[in-house]
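Residue numbers (our numbering), protein chains in the order written: chain S, 98 to 779; chain W, 14 to 448.
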Amino acid sequence: MSRPIHDRIAAQRIAADLEEPVDEAGNLARKFGLDPYEVNYWIVDYDEMNELIAYGGFQRRYPHWRWGMQYDRQQKQGQFLGGKAFEIVNNDSPSHAFLQESNTVSDQKAVITHVEAHADFFANNEWFGMFADRPDAAAMLARHADAIEAFMTDPEIDRGEVEKWIDHVLTLEDNIDQHVPYEPIDTRIDLIDEHDTADVAEQLEELDLSDEVKGQVFTEEWLDAQADDENGTSFPAEPEKDVLGFLRKHGMRYDEDAARADEMADWQKDVLEILRREAYYFAPQKMTKVMNEGWAAFWESAMMTGETFAGDDEFVLYADHMAKVLGSSGLNPYKLGLEIWQYVENSTNRREVVERLLRVEGVTWRNFHDTVDFELVQDLIEPDPVVASVGEHLDELDPEDPRVDADALEAAREARSASERASGEPASREGEIDVETYPWKVLTTEGLAERHYSLTKPQNRGFVSRVSQGELERVSRYMFDEARYDSVEDALADIDYGRGWSRMREIRESHNDVTFLDEFLTQEFVDENEYFTYEYTQSTGDYRVTSTDYTDVKKKLMLQFTNFGKPTVVVEDGNYNNRNELLLAHQYNGVMLDVGQAKDVLKRVFELWGRPVNLKTIVKEFDEHDVEVAKRRDREPEPEEVGRLVRYDGDEVTVEELPWDAVEHLAADDIDYDTKPDEWLA
Amino acid sequence: MGLREDLERYREVGEERRQDLAEFIQYGDLGQSRPDSVRVPIKIVDLPEFAYDQRDQGGVGQGDAEEGDPVDAQPQPGDDDGEDGDPGEEGGEHEYYEMDPEEFAQELDERLGLDLEPKGKKVIEETEGDFTDITRSGPTSTLDFERLFKQGLKRKLAMDFDRDYVREALKIDGWGPATVFEWARGENMPVSRAWIDEAYDELPEDEKTAWESFEEMDANTERVDTAQRIRREGIDEVPFRREDERYRYPEIVEEREKNVVVVNIRDVSGSMRQKKRELVERTFTPLDWYLQGKYDNAEFVYIAHDADAWAVERDEFFGIRSGGGTRISSAYELAAELLEEYPWSEWNRYVFAAGDSENSSNDTEEHVIPLMEQIPANLHAYVETQPSGNAINATHAEEVERSFRDAGDVAVAYVSSPDDVVDAIYEILSTEEES
């Protein structure tokens, strides 16, 4: 559907304009210390863009109405946003990014810089590494599409059945164990495209790997369960979070004509495993959305405004674009992520400054605010003019300076003297560097870190002085006392300007959204960015602001990002009641699940299990009288937590009350996601 | 296969996705709608999943906020399943099928098998129709010049004849003016004797015998009929006559507008707890939409009452709660007063009241029923909302029902849970239809 960058005339013209920004964005990203996958850029038109977005950034997916739905939504949204699709890049090596033909050059540049940072995140975040070190995603998804299309066109298989089966499986697409690497359930799935011999080696690798898995899968316990249903074995021994995997192993289909469970058809097993694999492939993206989008927005901004990647005339458009992206209502992962990254950068840099200052004779954490002249500090940490405005100081730069890229400096100097000879023509010859356009080229990552030092930016002035007493005390407690400075000047001369960025790179390697929020959301951050929590209150019948305390904000955010923001449901027993029934259990964390939806899910799980399915959960109930009383007193009623067994036997859904001891093990006792102030409670 | 096909499949899957109207009325979120646009949630086609109860989940917002401030329920991120960074996708906002009240009424008719035909009542002031009527006098600007010209032309044509031909006839040897006049009249030429005499006198003597006979003259002279002559020579003048003048004036059309005034009465006394209030809202709101959709012009009057009655705005109507006792007749007294603005001869009227059937003793019998009889309306209805079955003293509905058992314009409906709402609406609307 889309064509490579050089394919069409319009596209070619755009491509020619963008070739330099593409190359230079990649160069700049690497100078900043990023290590992105190579990115292939494609130019697509508006419709193609919407198609790509609907398909999750890929050109081919298996046939399914849900892509149609996403396309439809995307188009409607496009009408609202004036037809602007911003960026789409997929996690692959090389990554593929798509540029919309009709966007302005400044939009394209923004997309390109943004994409380079995503490609860095894909390549370096460990959670992405869990699926595969270098995913061959486009090819994998295309193989999946081929396989499913083949089932659909197979005259032996009813196409409608395939579609329904896909629907059933997708219902559980988030019910995988996303914290462990993907392992195929068995090796029987043959997805190798006969004409695609290049993939065979990789496929064989997969087979090898899977042989080991086979051993794990066909455990004695499992064989027991298979061999003999009457012996009453409950399995799995430990609750299984990978519900899809469990169903792939032990599930059956329900044969309506025979009114009994029967073994899944081969195509059913294949479809299940294909979708499970895709769920594992996409899981890291869902788990790192805040971080990843924030990371991309951060570096995009550093390149576009920090290094004036946007030309003067483009800058206004770019600012407008950023305002649109960041200004959309509701909790916006771009904005939250960007703000946290900026906070990490600032607070790490501040820590560096504070540590230096605390080593100055006479400065302690107790007298810090009284003895330190913050105006002076602010002046002293100002980046060296040599790196701040490279063009004006080209002659002063020292090739031996670790902040300077010696080769590039030489090239830049040659270019400048050449252009002086040629009476002011800009340098453009091969290998020469135009320092006016690309001043960053003559600097190293260290030099750029100083050039972009966050604490001296206008919006961050005062950040150092706002350091809290508590933080000062903590910092000083972990400091080794050996080196002392005589003066503030000496201390600050030693500042490591690169500390913020290097900390950020570490974080982007090992964190996911949950750990990211857990670690970096502080009261200072919550106050500065005005976050608050809200709850539904029974007394007013609407949502009310409940807290601006960071621990509360964190709790609520964690709830939204832990386990894809979904309740955790595990397989507790595959031989429930000793009747081969499936028992799922909702691990209740204080927030109940949507019971109505859960019933619909169970109906679909039944199709994948073939026999009755059950779900244990805990619900909150309000006594009507209590609610009335509470309202009159303007208080919140206390709900009662009750155990429930939701069951679907293929015919009807029933809900029955369970004694507390049957669900007690599911109730979390130490987590409380409720942020209502105590004094509201009745 | 490809995205086109995915889209088609989606449309097929989603075809029936609009929430069933009855289900929407009974359990749906009515609050998303505005008076001029009914928003029926589209059943989310998307697949179900294990998800948190949205109310119980709460959330995080951004902005300057104080504890206790109300928050617009914000869409939760993560509702969408965009797998890649697709901006603007945040928040799985609900989708709505928007219909105007007309469509709502039509759909409800279909759904419930109703067919209420509203009556046109009020004569809207004489609208001026086309300028099709005519009169003999009037302002110059309305003069029908076309007609005047046509009449003049007709007149001209009627008076016209082939003068040259008649002159030639006078040249026939032996024909004198008398013969020619006789001949011309026989030929239906509108020629006068005076003209012939004059023409004869003007002929030179030698020409008076130019033709041997009529046949010779006719063979040598071309007779030109009027149309040809006008075409050849044009018309010098068209004789306009005052008697041909006509002035146009507009036709007066008496249009009857299908208009309706709906009086919604609600008991807001202490016994009307939240559940009862919600049931009233669920019953009244669709009725309002329905009537608004059925009539060209709908006006609404909202009356709240406990022991006294007062008129309120729609926004407050369903939320008000007061203490105090209940005297339903107070509301009917006010209704009668307010309805004076909407004379029965010109307005369709609906008077809907709702409450839990509690009333002060004898009020129903002695005041309410007589008032209901006195207030002419297409339909009176009482909706009893009593979630927990009947209370002992709550007999208003029954009394009304008993008194008006045979009347075709009074409906009583009982609503004890949302399940009953649609039946109640049917009961009310079908009562009028039968009458």
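Cβ atoms here follow ideal geometry from the backbone N, Cα and C, with glycine treated the same way.
| Item | Value |
| --- | --- |
| Inter-residue spacing [alpha-carbon to alpha-carbon] between L589 of chain S and E761 of chain S | 57 Å |
| Supposed close pair N277 of chain W, N310 of chain W - CB separation, criterion 8 Å | Not really, about 17 Å apart at Cβ, beyond 8 Å. |
| Proximity to E733 of chain S [Cα-Cα], best of S:L149, S:L552, S:S199 and S:S636 | S:S636 |
| Beta-carbon spacing of L614 of chain S, Y685 of chain S below 8 Å | no |
| Span of the beta strand (DSSP E) around N272 of chain W | N272 to D280 |
| Where the beta strand (DSSP E) through G368 of chain W begins and ends | N361 to G368 |
| CB contact below 8 Å: N626 of chain S versus chain W | yes |
| Distance between V750 of chain S and P299 of chain W (C-alpha atoms, nearest Å) | 31 Å |
| Contact list for S644 of chain S against chain W, beta-carbon separation under 8 Å | E80 |
| T296 of chain W beta carbon less than 8 Å from that of V396 of chain W | yes |
| Where R245 of chain W falls, given that 16 or more other Cβ within 10 Å makes a residue buried | exposed |
| Proximal chain S residues relative to R22 of chain W, where beta-carbon distance stays under 7 Å | W162 and G165 |
| Test: G76 of chain W CB closer than 8 Å to a CB of chain S | yes |
| T772 of chain S at chain W interface by Cβ criterion, 8 Å | yes |
| Distance between beta carbons of L656 of chain S and H683 of chain S, contact taken as under 8 Å | Actually they are not in contact, since the Cβ atoms of H683 of chain S and L656 of chain S sit about 14 Å apart, beyond 8 Å. |
| Contacting residues, own chain, Cβ-Cβ under 7 Å from Q171 of chain S (five flanking each side not counted) | N147, I150 and A151 |
| Close beta carbons around A214 of chain S, own chain, < 6 Å, minus the five adjacent residues each side | W392, A393 and W396 |
| Backbone secondary structure at V743 of chain S - three-state DSSP | strand |
| In DSSP terms, what Q684 of chain S is bridged to | S:T665 |
| Local Cβ density within 10 Å of A759 of chain S, reported as buried at 16 or more and exposed below that | exposed |
| Under 8 Å between C-beta atoms of R157 of chain S and A239 of chain S | yes |
| Between the CA atoms of Q439 of chain S and G459 of chain S - distance to the nearest angstrom | 31 Å |
| Among S:L125, S:P118, S:L433 and S:V450, the one whose alpha carbon lies nearest that of V623 of chain S | S:L433 |
| Three CB pairs or more closer than 8 Å across the stretch 556 to 567 of chain S and the stretch 527 to 546 of chain S | no |
| Residues that A311 of chain W bridges to, as DSSP identifies them | W:V273 |
| Residues of the stretch 284 to 306 of chain W whose Cβ lies closer than 7 Å to any Cβ of chain S, in chain order | R286 |
| H161 of chain S versus D433 of chain W - alpha carbon distance | 39 Å |
| Close beta carbons around S426 of chain S, own chain, < 7 Å, minus the five adjacent residues each side | Bear in mind that the predicted position of S426 of chain S carries a pLDDT of just 49, short of 50, making it too unreliable to give a figure here. |
| Separation of R180 of chain W from A197 of chain W, as counted between CA atoms | 11 Å |
| Of the residues S:V451, S:A334, S:H608 and S:L654, the one placed nearest Y628 of chain S, counting alpha carbons only | S:L654 |
| CA nearest to the CA of G342 of chain S, picked from S:Y575, S:K696 and S:V277 | S:V277 |
| Same chain, Cβ closer than 7 Å to W777 of chain S, five either side skipped, listed in chain order | R732 and E733 |
| The stretch 149 to 161 of chain W / the stretch 325 to 345 of chain W touching (three or more Cβ pairs under 8 Å) | no |
| The stretch 368 to 387 of chain W contacting the stretch 411 to 419 of chain W, beta-carbon criterion three pairs below 8 Å | yes |
| Beta bridge counterpart(s) of Y395 of chain W as assigned by DSSP | W:A366 and W:V425 |
| Residue from S:L115, S:R256 and S:T542 with nearest C-alpha to Y159 of chain S | S:R256 |
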